[in-house]
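Asker: For the sequence shown, the residue numbers in my numbering are 407 to 953.
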Amino acid sequence: MRSNSKYLLLFSAVALLFFSSCSKSNKEGRYIPSTAAFVVHLNGQSLNTKLPWEEIKKSELFKEAYSDSNATSLAKSVLDNPENTGIDVKKDILIFMVKDSAGGYIAVEGSLKDEAVFKQFNKEASKNTSVESEKGGIRFSNTPDMTAAWNKEKFVLVMDADMNKNSMRRYYDSSVADVPEIKRDRVPVAEELFNLKEGNSLGKDEKFTDLMKETADIHFWLNLESLSASEMPGMAALSMINLKKLYEGSRVTGTVNFENGKINADFRSYSGKEMTDLVKKYSGDKINADMIKRIPSKDIAALFALNFKPEGIREYLKLLGVEGFANMGTGMLGFNVDDFIKANKGDILLTISDIATDSIGKPEFSALFSASVGDKPSFNKLVEAGKKFIKGKFDGENGPSVFYNMNDQYFAIGNKQQQVDTYITTAGNSKFDFFDKISGSAGGAYINFQYILKAFGNDAKKDSISFAMHDASLKMWDNMIAWGGGFKSGASTQHVEINLVDKSTNSLRQLNNYLSTLGMLKKKQDEQFRYHATEEDFMFDSSAVRR
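Written as structure tokens, this is what we have:
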């Protein structure tokens, strides 16, 4: 009997694990509207483990803020311990934005540790000016800027987001007549969030569920369909383009993890059915390794490489309904879309290298762009079109400022003739440490922060504060490596890895110390500026009196 119970318990545990992993719902999105334009999920437990509040309190910037004579007792109470707000900061915090007819609103949701403390905090924070009410077991505290709603377990904060068309038009075009803003009653919004039906929430969204299954310190969700560019000012001119095909079903999900010595971020990009079919069919294969090996420099500041199927360009243009316009535009330059597709074999490379400063401190660098050649006569048409487009760069009065060369395999263009010629004429065998990580992907990028910072180090020596800021950055950032282009579970995938100099300390702690250092230095810089500005004003006034 005891043996049977043991097997039953084991079976139950396995079944529970299986069904939870296969679940199409999630608890994090349960009270977030399915139409949310973006969502940020903060894993309170993980973030507090990697960067305890006591660690934050040790920073100089924190101490400076705490000792500020203008800091209120309420502010100091929160600085002492964020849980003095009544919020349980070691549990999930969700921040999201929803667009609606009134423009939109931003909301923050989380768990309460002490309802009474939260109520008192809201009362003191609003300086007793809030209007309080209660409905259906939910308490509300309403001020002109924010509405707080809570029960014994959770809270919601709601603020307006000025995202309606008229306000956006006013931002981009000052000539637009001022239109009265739509006033929102935020209390019903907060109440609706508390009573949101699961079917109308992200709790039932499969893509959001897949996102929340990923272990991460921070999750984020972006609904590009909700943020449709067709509603942006100035987009009417593009009405002939079928932009809906780009935005329909478009979602971007991502995770961020703070590890020892690095920050890792992973992204998934979803599209509607037609766009997804194109991505699956025409996604690239692998970056061209030979093009990387040909780079005639060891000192790479930045690199971007891509492999793609040129035939997909025509299909994308057809989907958007602009193939005819594309042919008209390219025809004016002496080629057409078919020429462009035949000319390219599907490999692109861009590098920035050999950064230096001349005798007067002006920065110099080598820039090189390369593409693999498909049909050479077609590629020659592109070259001739390029000469017309940037006329004078190849044969200016003071000599060329842009150089190019090509053979049957590659075309290269850059600002240094020797680099361009060496790239084309020499097979090369350059090796780079980062290439192993991007080599199996359709796209990759690399930025060498250390090399760039050191190359511009002389500029930072102009004053002690700039030098200190530069030194802090030099001790912090190593490089960034990104790769992607794969297709998994209906989405394109990308990975970004930011490497720090200190490989043994958690990156979140390093970020805290780095930002604290920069904050203190910026404060000193501002104080110096105010001092010198006052002195200059005094000198000007004196000369004015003498005149």
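Glycine residues also receive a C-beta, built at the ideal position from the N, C-alpha and C atoms.
1. If you reduce the DSSP assignment to three classes, tell me which class Pro639 lands in.
2. Hey, which unbroken runs of the alpha helix (DSSP H) at 4 residues or more fall wholly within the stretch 867-898?
3. How about Phe626 and Val446: do their beta carbons lie closer than 8 angstroms?
4. If Ser836 sits next to Trp889, beta carbons under 8 angstroms apart, how far is it from one beta carbon to the other, in whole angstroms?
5. Residue range of the beta strand (DSSP E) that Asn854 falls in?
6. Should Ala354 go down as buried or exposed, given a rule of 16 or more other Cβ atoms within 10 Å for buried?
7. Please report how far the alpha carbon of Asp683 lies from the alpha carbon of Phe893, in whole angstroms.
8. Return the Cβ separation of Asp760 and Ser772 in integer angstroms, given the expectation that the two are a contact with Cβ distance under 8 angstroms.
9. Which residues mark the beginning and the end of the beta strand (DSSP E) in which Leu712 is found?
10. Could you spell out the range, first to last residue, of the alpha helix (DSSP H) harbouring Arg700?
11. Does the CB of Ile871 have a neighbour CB from chain B at under 8 angstroms?
12. What are the start and end residues of each continuous beta strand (DSSP E) run of 3 or more residues lying completely inside the stretch 426-478, in chain order?
13. Just to confirm the assignment: which complete alpha helix (DSSP H) runs, minimum length 4, are found wholly within the stretch 487-538?
14. For the 8 angstroms Cβ check, are there 3 or more pairs between the stretch 850-869 and the stretch 716-733?
15. Between which residues of its own chain and Leu457 is the CB-CB distance below 7 angstroms, once the five residues before and five after are set aside?
16. Could you tell me the alpha carbon to alpha carbon distance between Gly780 and Leu755, rounded to whole angstroms?
17. Only counting the same chain, and skipping five residues up and downstream in sequence, which positions put a Cβ closer than 7 angstroms to that of Asp520?
18. To the nearest angstrom, how far is the alpha carbon of Asp908 from that of Gly678?
19. Tell me the rounded alpha-carbon separation between Val562 and Asp869.
20. Once DSSP output is grouped into helix, strand and coil, what is the label at Lys610?
21. Just how far apart, CA to CA, sit Asn449 and Ile624?
22. Can you give me the Cβ contacts of Asn487 inside the same chain, cut-off strictly under 8 angstroms, excluding the 5 residues immediately before and after it?
23. Report yes or no: do the stretch 590-608 and the stretch 522-530 share at least 3 C-beta pairs separated by less than 8 angstroms?
24. Label Tyr437 either buried or exposed according to how many other C-beta atoms from any shown protein chain fall within 10 Å of its C-beta, with 16 as the threshold for buried.
25. If you follow the beta strand (DSSP E) that Pro769 is part of, which residue opens it and which one closes it?
26. Are the Cβ atoms of Met875 and Leu924 separated by less than 8 angstroms?
27. Please determine if the stretch 849-856 and the stretch 709-717 are in contact, where contact requires at least 3 C-beta pairs separated by less than 8 angstroms.
28. Assess contact between the stretch 662-670 and the stretch 682-697, defined as three or more Cβ pairs (one per stretch) separated by less than 8 angstroms. Is contact present?
29. Please state the DSSP three-state secondary structure of Tyr578.
30. Would you list the one or two residues that DSSP bridges to Tyr816?
31. In this structure, how does DSSP classify Met565 when only helix, strand and coil are distinguished?
32. From what residue to what residue does the alpha helix (DSSP H) around Thr828 run?
33. Which one of Ser634, Ser473, Val662, Ser536 has the shortest CA to CA distance from Val902?
34. Going by the CB atoms, is the gap between Ala554 and Val504 shorter than 8 angstroms?
35. According to DSSP, which residues form a beta bridge with Ile904?
36. Using the rule of at least 16 other Cβ atoms within 10 Å of the residue's Cβ for burial, across every protein chain shown, is Glu620 buried or exposed?
Answerer: In brief:
1. In this prediction, Pro639 has a pLDDT of 49, which is less than 50 and means its spatial position is unreliable; nothing more can be read from the coordinates.
2. 870-882
3. yes
4. Ser836 to Trp889, Cβ: 19 angstroms. No contact.
5. 849-854
6. Because the chain spans 407 through 953 in this model, residue 354 falls outside it and cannot be assessed.
7. 11 angstroms
8. 4 angstroms
9. Where Leu712 is concerned, the enclosing beta strand (DSSP E) stretches over 706-713.
10. No alpha helix (DSSP H) holds Arg700; DSSP gives it neither H nor E.
11. Judged by its chain identifiers, the structure shown contains no chain B, having just a single protein chain.
12. 444-448
13. 521-531
14. no
15. Its chain contains Leu914, Arg915, Asn918 as the residues whose beta carbon lies nearer than 7 angstroms to that of Leu457, once the 5 sequence neighbours on both sides are disregarded; these appear in chain order.
16. About 15 angstroms.
17. Gly492
18. Taking the straight line from one Cα to the other gives about 42 angstroms.
19. Cα to Cα, Val562 sits roughly 47 angstroms from Asp869.
20. helix
21. Rounded to whole angstroms, Asn449 and Ile624 show a C-alpha spacing of 6 angstroms.
22. Trp459
23. no
24. Around the beta carbon of Tyr437, a 10 Å sphere encloses 16 or more other beta carbons of the protein chains shown; the residue is thus reported as buried.
25. 769-779
26. yes
27. yes
28. no
29. Any reading at Tyr578 is ruled out, since the residue's pLDDT is 47, under 50, leaving its predicted position unreliable.
30. Ser778
31. strand
32. 823-831
33. Val662
34. no
35. The partner list for Ile904 (beta bridge, DSSP) reads Ile669, Met886.
36. exposed
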